[in-house]
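Residue numbers (this note's numbering), protein chains in the order written: chain P, 4 to 414; chain D, 4 to 414. To start, the structure under review is shown below, and the notes come after it.
Number of protein chains: 2
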Amino acid sequence: MTSRERALALDAVDPLAPFRDRVVVADPELLYLDGNSLGRLPHATRDRLRTHVEDEWGGRLVRGWHDWVALPSVVGDELGAALLGVGPGETLVCDNTSSNLFKLAVAAMRATGRRVLVTDDDNFPTDRHVLAGVADLLGAELRVVHSDRDAGVSVEALREAVRDDVGLVSLSHTAYRSGALAPVAEVDALAHAVGALTLWDLSHSVGAVPVDLSTADLAVGCTYKYVNAGPGAPAWLWVRSGLELDNPVQGWFGAADPFAMDAPYAPAAGAQRFLTGTPPVGGLLAVQEGVRLLAEAGLPRLRTKGQALTSYLVELADAWLAPHDVRVASPRDADARGSHVVLEHPRAWQLVQELVARGVVPDYRVPDRVRFGPAPLYTRFVDVHDALAITRDVLASGAHLTRPAEPARVT
Amino acid sequence: MTSRERALALDAVDPLAPFRDRVVVADPELLYLDGNSLGRLPHATRDRLRTHVEDEWGGRLVRGWHDWVALPSVVGDELGAALLGVGPGETLVCDNTSSNLFKLAVAAMRATGRRVLVTDDDNFPTDRHVLAGVADLLGAELRVVHSDRDAGVSVEALREAVRDDVGLVSLSHTAYRSGALAPVAEVDALAHAVGALTLWDLSHSVGAVPVDLSTADLAVGCTYKYVNAGPGAPAWLWVRSGLELDNPVQGWFGAADPFAMDAPYAPAAGAQRFLTGTPPVGGLLAVQEGVRLLAEAGLPRLRTKGQALTSYLVELADAWLAPHDVRVASPRDADARGSHVVLEHPRAWQLVQELVARGVVPDYRVPDRVRFGPAPLYTRFVDVHDALAITRDVLASGAHLTRPAEPARVT
């Protein structure tokens, strides 16, 4: 069951296998299992960015805005349709995830007039930080519920916290460390029962894990992970159709007519008003190409392969790594887990340093976790096999113990 | 005085003339006088972006963050030193101008505890819109003083408005329409006399017009105009050293240690805390190349040439266009004007359409203005000559009258 032949056999019948040729693989020996942190460069994106910079910016200059100005909503609609299953006019690509979370959280809290926001203590740091800032700004309280670091969000804990003083419940769909999935519909129901809105961070889901937003109100996410749009590519935001909120950051691109110039601020209709300043054109085009490539692969096939890859990884970890003090800290049920797997080990930092030196790229998450994100679009089963085999060899030999310990952190 | 030979003679002795070869000139016939809206593509930027996308993102993948993570402050420091005359640790390249203005305005108002913001009615739309949103969010009043559309900010009007209930005075340095310069030190003194802070938008100055920030508190600006960093490139913000403010958008990159993960939010020291989410790496590199090119040219030489170009343009407008109902609506004193000139004409919209069709690119600003921005880095005197000659011919022939009128605006 752990043989390399089995991995090769799984790759041979993988319907997404041809997509590996659609992304740049600069070093074929590199076992890249960090597509959940920064996705690979699609060939189409490389070409599109070159054309954009050299022909469009370089050649058309300011006249290019004729085609660029609508990109935040054009690309937003494509992303919404392919990856979120939502209709047009609800999704925008703009700013970064933190800024989008801020805008929507402030807007939601002001709309409800409530004084409590709810999140959980295992939420991604920027979410906890931004929500704490929103609470501070609005004179509100951030009520933080406890989540199990392995199993994720607890509906029981939320049931207790989500009372009728709550205006917004903001959580991540896929937990950044464990990969545990939150029960979206249940949380939405809890929130709506007390008149609160919900805001989901789908950064660790979008492009790999489908999510049913039919009960949700608001969502945000990044595009540099599974959407493969590059380092610091613009993020997206989604506002349920019919939900009328006010953007606190009233930039000109969110105005009904940005070029009216003399008019007082009048917000654009729908989600469009959540734009702020001049949109980053190159980044938007990279998101567009990333979305189109995923749309071609199809989210159901991506999810199926993501589950198969992570299940295979768990299987190998159990067989090879458990004897070396490694514990699978992600849900074992593939339906309860996103597209990455986290392994707990007391020397996680040193282990990751040694793996990177050997051409295996996972990432480290404090304090004792190694995270493997085998992006379904381009990761092979044999990559998972070989990465886990190397991990086994490192642990068996104790080679990681020669690496320096994690440096002291600033805080 | 209006001969083409004179323009050629001025170009022959222009010390910045060689810099035209440092930017892409795809169409040598195009008379591009809109560098104040979107600057040209430097060759170095084209090469750098290609390397970044294809080798760094494509090849190094997530490992590239080792070098990318410090870019917002590294590039900020370079921009601050070369274009703002400020010290290290005060300038960051991040987000867009609207978002930066929002963060700093909210921070300043909360720090002063006052309830009034002051701006002027000729400020750029996004500034007026963002400040109105900040006032609304904080339950404050936005006090809008009247500025003359040609002469710019009135110190008398400000003197009346800036009373001891004011927490922040936020204005643009170079007016986007007229090009009139605001008296920074005088406004700073007025504000400080009542305990208010000042926040300057230098979007239409940075890279072409020096500004003395020694009396100022806060500033923002874009990089896609004279800094030549491309459409929607990230903006910058500046916080006077020693001024401790709180960023309302508490994203993880503004935390003391973004990767501490489990720690509660603790802001980074100094300006650094005004970062929000994951920074846009490609955009940051484009800003870096743009700044380096300007640094090589030198801000004093850029200013000298900018004044010579705009003075020459005014001279030709007086000689050729005044008889055709065109009025120079920018200050005639070059020291009172930025690096662009605006001409008033009742058929400005139609005139711009006809000029663009003839290969002359200025831009239109409501309701009756044609704006010429001869970026000093790469614009030749002969470009100004030829563009104005074509403008004269259009007006003399009435060719613009065949163009459709401006479409009705949304608002």
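Note that the Cβ used here is the ideal one computed from N, Cα and C, for glycine as well.
Ordered along the chain, which non-local residues of its own chain (more than five positions away) have a Cβ less than 6 Å from that of residue i?
i	result
Gly286(P)	Ala236, Pro237
Gly293(P)	Val230, Asn231, Ala232
Val137(P)	Ala108, Val109
His388(D)	Arg7, Ala10
Leu141(D)	Met112
Trp255(D)	Pro261
Arg53(D)	none
According to DSSP, is residue i helix, strand or coil?
i	result
Phe375(P)	strand
Thr414(P)	Residue placement at Thr414(P) is flagged as unreliable, the pLDDT there being 41, under the threshold of 50; a coordinate-derived value is accordingly withheld.
Ala12(D)	helix
Tyr367(P)	strand
Leu200(P)	strand
Thr281(P)	coil
Tyr35(P)	strand
Arg63(P)	helix
Val77(P)	helix
Gly90(D)	coil
Leu41(D)	coil
Val28(D)	coil
Pro18(P)	coil
Val329(P)	coil
Ala408(D)	coil
Taking Cβ-Cβ distances shorter than 9 Å, what residues in chain D pair up with residue i?
i	result
Tyr35(P)	Leu64, Val65
Leu296(P)	Those within 9 Å of Leu296(P) in chain D number zero; the least Cβ separation is about 15 Å.
Ser181(P)	Under the 9 Å cutoff, chain D gives no residues; its nearest Cβ is about 13 Å from Ser181(P).
Ala238(P)	Gly280, Thr281
Taking residue i as part of the alpha helix (DSSP H), name the residues at either end of that continuous run.
i	result
Trp255(P)	Careful: Trp255(P) lies outside any alpha helix (DSSP H) and carries neither H nor E.
Val285(D)	Checking the displayed sequence, the identity of residue 285(D) turns out to be Gly instead of Val. Unbroken alpha helix (DSSP H) run through Gly285(D): 284 to 300.
Trp68(P)	68 to 71
Leu358(D)	351 to 360
Ala222(D)	Looking at the DSSP string, Ala222(D) is not in any alpha helix (DSSP H); the run it does join, the beta strand (DSSP E), is 221 to 224.
Output, in chain order, the set of chain P residues within a Cβ distance shorter than 9 Å of residue i.
i	result
Ala135(D)	Gln253, Pro267, Tyr268
Pro282(D)	Asn99, Pro234, Gly235
Trp71(D)	Pro234, Gly235
Ser3(D)	Any answer about residue 3(D) is impossible in this case: the structure gives chain D only from 4 up to 414.
What does a CB cutoff of less than 7 Å around residue i pick up in its chain, not counting 5 residues either side in sequence?
i	result
Thr414(P)	Bear in mind that the predicted position of Thr414(P) carries a pLDDT of just 41, short of 50, making it unreliable; the figure below should be weighed with that in mind. Excluding sequence neighbours, Thr414(P) sits near nothing in its chain.
Leu145(P)	Leu120, Thr122, Leu134, Ala135, Ala138
Ser400(D)	none
Tyr367(D)	Ala351, Trp352, Val355, Val373
Taking C-beta pairs closer than 7 Å, name the residues in chain D that residue i reaches, listed in chain order.
i	result
His132(P)	Gln253, Gly254, Trp255, Ala258, Tyr268
Asp328(P)	In chain order: nothing, as chain D lies at least about 22 Å away.
Arg53(P)	Arg53
Give a yes or no on whether the C-beta atoms belonging to residue i and residue j are separated by under 9 Å.
i	j	result
Ala199(D)	Val165(D)	yes
Leu41(D)	Pro234(D)	yes
Leu372(P)	His348(P)	Contrary to the premise, residue 372(P) reads as Arg rather than Leu in this sequence. Cβ atoms of Arg372(P) and His348(P): closer than 9 Å.
Lys106(D)	Pro326(D)	no
Asp220(P)	Thr201(P)	yes
Arg306(D)	Val345(D)	no
Asp17(D)	Phe384(D)	yes
Trp71(D)	Pro282(D)	yes
Ala183(P)	Ala289(P)	no
Excluding the 5 residues preceding and the 5 following residue i in the sequence, name in chain order all residues of the same chain whose CB lies nearer than 8 Å to its CB.
i	result
Leu391(P)	Leu316, Leu319, Ala320, Trp323, Leu324
Asp415(D)	Outside the shown range of chain D, which is 4 to 414, sits residue 415(D), and nothing can be said about it.
Pro186(D)	Val156, Val158
Leu193(P)	Val158, Leu161, Arg162, Val165, Val172
If you follow the beta strand (DSSP E) that residue i is in, where does it begin and where does it stop?
i	result
Glu144(P)	144 to 148
Ser400(D)	Here Ser400(D) belongs to no beta strand (DSSP E); instead the alpha helix (DSSP H) covers 384 to 400.
Leu240(D)	239 to 242
Ala232(P)	Element bounds for Ala232(P): n/a, residue is neither H nor E.
Val121(P)	119 to 123
So residue i contacts chain D; which residues on that side make the cut at Cβ distance below 8 Å?
i	result
Glu189(P)	Here the premise fails: no neighbours, minimum Cβ distance about 26 Å.
Tyr227(P)	Thr281
Arg43(P)	Gly61, Leu64
Which residues in chain P sit within 7 Å of residue i, going by Cβ to Cβ distance?
i	result
Met264(D)	Pro128, Arg368, Val369
Tyr315(D)	Within chain P, no residue comes near Tyr315(D); the closest Cβ sits about 22 Å away, beyond 7 Å.
Phe105(D)	Val252
Gly341(D)	By Cβ distance, chain P contributes nothing, its closest Cβ being about 17 Å from Gly341(D), past 7 Å.
Run down chain P in chain order and give the residues with a C-beta less than 8 Å from the C-beta of residue i.
i	result
Asp30(D)	Gly62
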